[in-house]
Every structure is written in structure tokens, then in C-alpha cells.
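Residue numbers (the working numbering), protein chains in the order written: chain B, 119 to 365; chain A, 119 to 365.
No residue lacks a Cβ here, since even glycine has one placed at the ideal position from N, Cα and C.
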DNA sequence: AAGTGGTCTAGACCACTGC
DNA sequence: CAGTGGTCTAGACCACTTC
């Protein structure tokens, strides 16, 4: 583990422990550098990590302040459904409703960077938390990954993990669009809610480490089953975010 | 403007222009440093900015890759409703439905860091995009900012901007919880939808530059009126994000 | 083996905050 | 005015990717 990650970890623990209470000030960078026998640059990397997690904030000239004590279980990192469920203490399961190859639509071709009409794999899954159905997932996979997806166990818990272990594929980057929609008849039946009742929709495009689009998905969560959490700031700058004026 | 912001701007323009196509590679840091007559550290700050915007990705040992060409109009930065609307080309308006002081509930006391029972200001607003109602906003302001809020024009377009201009208050940090709920009778009437139809709910706590909680809010958007957009990656590290393994 | 990004250091100057 | 964070430099070494 890198030096700055250790320092960030120490600071995070200290914040959680209450050594640096919420609303209070962090030690100066110079102070932290001496305490940890590191250069100021390394200390700045550490606090930048905490800032990215939303735990601390800063303004030029003033000491850093503590904003929160919980790492937001959120969107700074990309997690699969199974990963997220596990981290929240749930047991994830799921089953494939349908799986078939078909030519892709023009819009999908754009999102997956493939030729229009090229073959893609269309998969629908029902996913559960602690046995209770919470999510109807509709995923379109690019043709090049389709064989590996078809070899998966239909009841497989984590598609992400299985694809990593079978073909070394890493889902590295994600883009997400989140809104609310009404449940259709099929979704209502699968999720055990009334038709027209609210669902939280997450449309996603995922990309490999090399920047190659892997899948695009339309996931619909039963209302009340999940909440997305985000922390942000004005004018977010990764290396030491700065407070700006409203515009 | 800082040197690294200029370099980031140049790179962003080049990506948008198609000089560096999506899925392609960026020049090396050393190359960029020479071209811009800057040190490698400054170049790294620039590309870290683009990575935070979700435009580029990186892995140790390989060239950076281009992931997208549009800056995600999203949650890396904190925007008010009016700011967001303006950036999307809409005209925002709104009106106060009710405004009254009351003692705060225990849960609000925690979120606002005030004593339980301390007086807060409870405000409901209906907000519109191009004249069409899209959002019912229910905000609870901490007592110390209540007088400034009460002095605002009830039809005021941007509360954020007005509070900055009147008392210098900056909404610097935000925490957001997003889910879907069914419209109640009142919301349905105000937004012109049927009761029970889906609404996108955003619960928000906002904090000043100094780390002092200012307001907590429960905002409900008519389905179809807005979409939240997020870009992320595995193991987001602010200074040059790194691709990790799924876990 | 060469190229490239990830980490770290030591020092410098400036702009802003807080007293 | 002293303290502090924001920016920038020049150089170093390592781990990993690419060819």
C-alpha cells in the first residue's frame, strides 16, 4: 500500500474515532508531514483522497475542515450489484429470465462502439437481496464478450466477478443516468408491486480498462429497496478541491 | 487561471475536436510536459482534472485512454436548481408555497448540527422549467440563516445566488440521497400528475465553506423532467485513478 | 528493453485566512 | 503579519505495459 494511502487511512480512522470532530479542523499539511515523516506532496495526496470521499473540505488559506465521518457508500467508485450488496451486508442472488443474440439497434451501436446491426447479446435478469426481488436488469453485451457471458451459470451471483475470473475482464469505467419510471405489467409482476408504481431506473454503460465498451444496461429497482448516495462540492478539483462562487 | 487548468482546457478541446478520438490514446505525460513547457507534475494535475470529469482513464504502464468527449453535466460539482437549469438552457422560476418557523425534529437537529428543538425555518417551494412545474422542494434551514432566507423575494429565481449576494453565504458541500417515491395528493396536484405516479426524490444536506450545515431538503421531481448523471471508475484515486480488481 | 504512469522528495513562491 | 493551502519545478525510483 502506498504511503499516502496509509496516511489517509490513519486520518480516516482518527476522524471516525472522533479525534477530529465533524465541523472541526484538520492539522496543517506541514504538521501532518512531520508527524508521518513524509513530504508535503505525499500528505496532499492523502488529504486529496479524503476530499474525494467527501470526508474533508478545504479553502485556500484556511485549515481543512471535517465534513463527515462515514465514507459515502456511493458513486466515487464503481461497484457491481453483488459487490454493493455484500458491502451493505445483504446476500445477493439472481436468475436469468432470458438470453438471446440479436442484431443491435442504432442507439446501442453508438453506446457500444460497434457497427450498426452487429450481433449483441440481450440478457434479462431478476436480482434479489436476501431472497427478495428488488431489481429487473436488462443488459446488452457487445458481441466480443457474448460467448463468455453465455458460459456463465444462470444463477451466478456476481457477473462482474465471474467475467474477471473466466476471461480477465475488468469493468473499469461506468456512466450512469438515473431517473424514475412507472412499473410496467411485467416488472410489476416480477417485483411484486402494482403496475404504475414508482421504480428507480439506472441506465448504465460500462467500459473495460482499455476503454472498450462492454455492456449497456437498463436496471429498474423497486422503490424503497435502494438509495443512491453522492457527495460533492462546488468546483471539485481532485487535488485539493476549492470553494468557488455560485454562478 | 492556473497553468494546469489551461492545459486541461487545451486537452478537453482537442478531445471534443476529435484530435484524440474516443477509445484512443492520449500523448504521454512527458510529451505533454514538453509541448506545454510545464513540469510533469503540472501535466499530471491537468489530466487528473480530466479523469475526475470522466473524460479519460488510466492504468499504470499504459497510455491514458479517452473515455468520452462530453463533460458529464453531473455530480462532480455542486449546482443549485437555477444554475443547473441555466446550464441546460432552461429558464428557471419558482414560488414559495409556505414559509414558517418551527422547532426542529430530532432527525433534523442531527443533520443540521443544532440543538434538538431549536428553531428552524421550514419552506416549501414549487419550481418550474420554462414555466412548467417540475419540482416540489421542501427545505429546512438552520436558525442562523433563517432571517436572510425570509428577506428573499418569494419569486426569487436562485436562492443560492441571492444568499451569496446578500450575506456572502456559499453552499460549498452537498450530500445527496436519491430514490423514487410515489406522488402524494398534494404533489400530484402541484406537478400535474396522477396520485401514485413516480417521482424522483433527492434528499440533500448542504454545508457552508466553513463546514457549517445550512439546510436539509427533500426535493421531488416529476418523472421525465430531470435525469441525474454520474461517471465513475473502479478504485477512484483523485490523482490519476487506477484500475483495480473487482472484489 | 524501452516506454509510461504511480509514487515520493525538497524546495519555492503566491493568494488567502485568521488573528 | 504569521500561518496555511494552491501551484509549480526538477529530479528520482519503481511497477507495469507494450513491443
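C-alpha gap between residue i and residue j, whole angstroms
i	j	result
residue 123 of chain B	residue 252 of chain A	43 angstroms
residue 359 of chain A	residue 171 of chain B	Only weak support is given to the placement of residue 359 of chain A: the predicted model assigns it a pLDDT of 32, under 50, and the value that follows is read from those uncertain coordinates. Cα-Cα distance, rounded: 13 angstroms.
residue 355 of chain A	residue 130 of chain B	Bear in mind that the predicted position of residue 355 of chain A carries a pLDDT of just 41, short of 50, making it too unreliable to give a figure here.
residue 164 of chain A	residue 274 of chain A	37 angstroms
residue 241 of chain B	residue 127 of chain B	40 angstroms
residue 361 of chain A	residue 142 of chain A	Because the pLDDT of residue 361 of chain A is 33, which lies under 50, any placement of that residue in the model is unreliable, and the question is left without a value.
residue 287 of chain A	residue 334 of chain A	15 angstroms
residue 233 of chain B	residue 227 of chain B	6 angstroms
residue 293 of chain B	residue 195 of chain B	11 angstroms
residue 343 of chain B	residue 326 of chain A	31 angstroms
residue 309 of chain B	residue 198 of chain A	34 angstroms
residue 213 of chain A	residue 148 of chain A	54 angstroms
residue 345 of chain A	residue 283 of chain B	34 angstroms
residue 365 of chain A	residue 177 of chain A	At residue 365 of chain A, the pLDDT of 32 sits below 50, so the modelled position is not reliable; the number obtained from the coordinates is stated separately. Taking the straight line from one Cα to the other gives about 18 angstroms.
residue 295 of chain B	residue 351 of chain A	15 angstroms
residue 254 of chain A	residue 229 of chain A	21 angstroms
residue 363 of chain A	residue 182 of chain B	Here the model assigns residue 363 of chain A a pLDDT of 33, short of 50, so the residue's position is not dependable, and the following value carries that caveat. Rounded to the nearest angstrom, the two C-alpha atoms are 32 angstroms apart.
residue 119 of chain B	residue 154 of chain B	15 angstroms
residue 219 of chain B	residue 303 of chain B	24 angstroms
residue 146 of chain A	residue 307 of chain A	57 angstroms
residue 137 of chain B	residue 144 of chain B	10 angstroms
residue 80 of chain B	residue 235 of chain B	This structure gives no information on residue 80 of chain B, because the portion of chain B shown stretches from 119 to 365.
residue 311 of chain B	residue 205 of chain B	26 angstroms
residue 200 of chain B	residue 289 of chain B	13 angstroms
residue 158 of chain A	residue 179 of chain A	16 angstroms
residue 210 of chain B	residue 347 of chain A	25 angstroms
residue 150 of chain A	residue 184 of chain A	15 angstroms
residue 152 of chain B	residue 162 of chain B	13 angstroms
residue 243 of chain B	residue 243 of chain A	40 angstroms
residue 279 of chain B	residue 279 of chain A	46 angstroms
Selected residue, minimal CA-CA separation from residue i, among the options
i	options	result
residue 271 of chain A	A:225, A:216 and A:260	A:216
residue 168 of chain B	B:152, B:186 and B:181	B:186
residue 314 of chain A	B:158, B:326 and B:301	B:301
residue 139 of chain A	A:146, A:162, A:174 and A:150	A:174
residue 329 of chain A	A:150, A:212, A:231 and A:312	A:231
residue 257 of chain B	B:327, B:199 and B:336	B:336
residue 349 of chain A	B:320, B:339 and B:352	B:320
residue 262 of chain A	A:295, A:225, A:285 and A:304	A:285
residue 297 of chain A	A:150, A:289 and A:318	A:318
residue 260 of chain B	B:244, B:276 and B:239	B:239
residue 265 of chain B	B:281, B:181 and B:276	B:281
residue 188 of chain A	A:135, A:303 and A:222	A:135
residue 277 of chain A	A:179, A:162, A:202 and A:144	A:202
Where the alpha helix (DSSP H) containing residue i begins and where it ends
i	result
residue 230 of chain A	224-230
residue 308 of chain B	303-309
residue 285 of chain B	277-285
residue 265 of chain B	264-268
residue 213 of chain A	Unbroken run through residue 213 of chain A is the beta strand (DSSP E), 210-221; no alpha helix (DSSP H).
residue 205 of chain B	199-205
Cβ pair residue i, residue j closer than 8 angstroms
i	j	result
residue 102 of chain B	residue 299 of chain A	The first residue shown for chain B is 119 and the last is 365, placing residue 102 of chain B beyond what the model contains.
residue 121 of chain A	residue 166 of chain A	no
residue 248 of chain A	residue 291 of chain A	no
residue 323 of chain A	residue 331 of chain A	yes
residue 160 of chain B	residue 125 of chain B	yes
residue 237 of chain B	residue 221 of chain B	yes
residue 305 of chain B	residue 338 of chain B	yes
Residue range of the beta strand (DSSP E) that includes residue i
i	result
residue 320 of chain B	316-326
residue 300 of chain B	289-300
residue 330 of chain B	Taken as a continuous stretch (DSSP letters only), residue 330 of chain B belongs to no beta strand (DSSP E), as it is neither H nor E.
residue 196 of chain A	Looking at the DSSP string, residue 196 of chain A is not in any beta strand (DSSP E), and its letter there is neither H nor E.
residue 255 of chain B	250-259
residue 185 of chain A	Note, residue 185 of chain A: premise wrong, no beta strand (DSSP E); not H, not E.
residue 238 of chain A	237-247
residue 349 of chain B	346-351
Problem set entry | Complete alpha helix (DSSP H) runs within the region 133-181 of chain B (minimum length 4 residues, chain order) | 147-153 and 158-170
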